[in-house]
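What follows is a short report on a single structure.
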Amino acid sequence: MSSDRWADLKTRVASGIAMAVIGIGLLWAGGAYFTFLAGIVTLLMIWELVHMTNPDQRTLAVPIGMLGAVSIMVASTMHGFYALPLTIAPALTGATLLKRHRRIFTVYAVAVLLAGYALAMFRDTQGLAWMIWLVLVVVATDVFGYFAGRMLGGPKFWPAISPKKTWSGTVAGWISAAVIGLIFHLLTGAGLGLVLISALLSFASQMGDIAESAIKRRMGVKDSSALIPGHGGVLDRFDGLLGASVVMLIITALGLAPVIGF
């Protein structure tokens, strides 16, 4: 086993622990504290997206990102259809100001904003146990996929876009997420449908990762930024949660969100 495969593990784990402590603390606190976190993460994601798609207009990254953060914080108080225009407005505003890759920016920025709104809304309306389930599904997908891919290797899942992602890691992610769903079903009686939804969100998480990899490949960058040691940027770390949150928002809008509570 090559030591190069694990060269970044210590830095990755240390950064992961620091993020986990902050994230868990604000997730537990809920309310305005977690909404603020969702807004800040949204700001940083849009900041990175502007830097990647329009490096010659980096001065716009902060104002567009701040507009995104404010829209999330305000929209989270307006649950329902009327929150949608406010949530996506910063993406449309950014598209009118930026000169290059407007379509890519708009589509991905809309996804970022919807995910930020979804997380803030989920914490307020669904509760802490529900959010723990969602986060654990994404974390299990990432962690078990990472280690299975490194240890087992094998055929690549989508080499043209994400050359490191393997089928072994991908399937391990689905299985681990389904196990998380089964555990929460047994603990809370949420229903066996939770196992299927967990596996679906695992796939959505992986597609979030694939989508971000496609943008980076198109823009010719390795990481979305260097904000997080061992992980690259905020988009690099939370692209999976982004994908899962957007799909979960759709599931919720269809009235199919599971009820989870201890």
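Anchor point for the sequence shown: position 122 equals 122 in my numbering, and the numbering is continuous, going up by one each time. Just so it is clear, CB atoms sit at the ideal spot from N, CA and C, and this is done for glycine as well.
query	result
Measure from the alpha carbon of LEU194 to the alpha carbon of each residue in LEU44, PRO258, MET19, LEU26, then state which is nearest.	PRO258
Okay, do the stretch 173 to 192 and the stretch 220 to 229 touch, 3+ Cβ pairs below 8 angstroms being the bar?	no
Could you check what DSSP says for PHE144 in three-state terms: helix, strand or coil?	helix
Around the C-beta of TRP130, are 16 or more other C-beta atoms found within 10 angstroms, so that it is buried, or is it exposed?	buried
Taking all protein chains shown into account, decide if ALA69 is buried (16 or more other Cβ within 10 angstroms of its Cβ) or exposed.	buried
Roughly how many whole angstroms lie between the Cα atoms of LEU37 and SER245?	15 angstroms
Less than 9 angstroms between the beta carbons of LEU323 and GLY208, yes or no?	Since the first residue of the chain shown is 1 and the last is 262, residue 323 is not available in this structure.
Could you pull out every residue in the same chain whose Cβ sits closer than 6 angstroms to the Cβ of ARG123, ignoring the five residues on either side in sequence?	GLY30, PHE34, MET131
In terms of residues, what are the limits of the alpha helix (DSSP H) holding THR125?	102 to 125
If we ignore side chains and look at the alpha-carbon of each, how far apart do VAL138 and GLY153 end up?	21 angstroms
Can you tell me which of the three DSSP states GLY232 falls into?	strand
Consult DSSP for LYS216 and reduce its assignment to one of helix, strand or coil.	helix
Just tell me which of LEU92, GLY169, THR11, PHE184 has its CA closest to the CA of ALA148.	GLY169
Please say whether ILE64 and VAL50 have beta carbons closer to each other than 9 angstroms?	yes
From what residue to what residue does the alpha helix (DSSP H) around ALA34 run?	Correcting the residue type first, residue 34 is Phe in the shown sequence and not Ala. Here the alpha helix (DSSP H) through PHE34 covers 31 to 53.
Is LEU44 near the ligand NAD, with its Cβ less than 8 angstroms from a heavy atom?	In the structure on display, the ligand NAD does not appear, and there are no ligands present to speak of.
Hey, out of ASP239, PHE157, PRO163, whose CA is closest to VAL171's CA?	PHE157
Would you kindly work out how many angstroms separate the C-alpha atoms of SER3 and VAL110, rounded to a whole number?	Note that SER3 scores 48 on pLDDT, short of 50, meaning its location in the model is unreliable; the coordinates nonetheless yield the value given after this. One C-alpha to the other measures close to 39 angstroms.
At least one CB of chain C closer than 9 angstroms to the CB of VAL13: is that the case?	This model lacks chain C altogether; it includes just one protein chain.
Using a Cβ-Cβ cut-off of 6 angstroms (strictly less than) and excluding sequence neighbours within five positions of GLY23, which residues of its own chain qualify?	none
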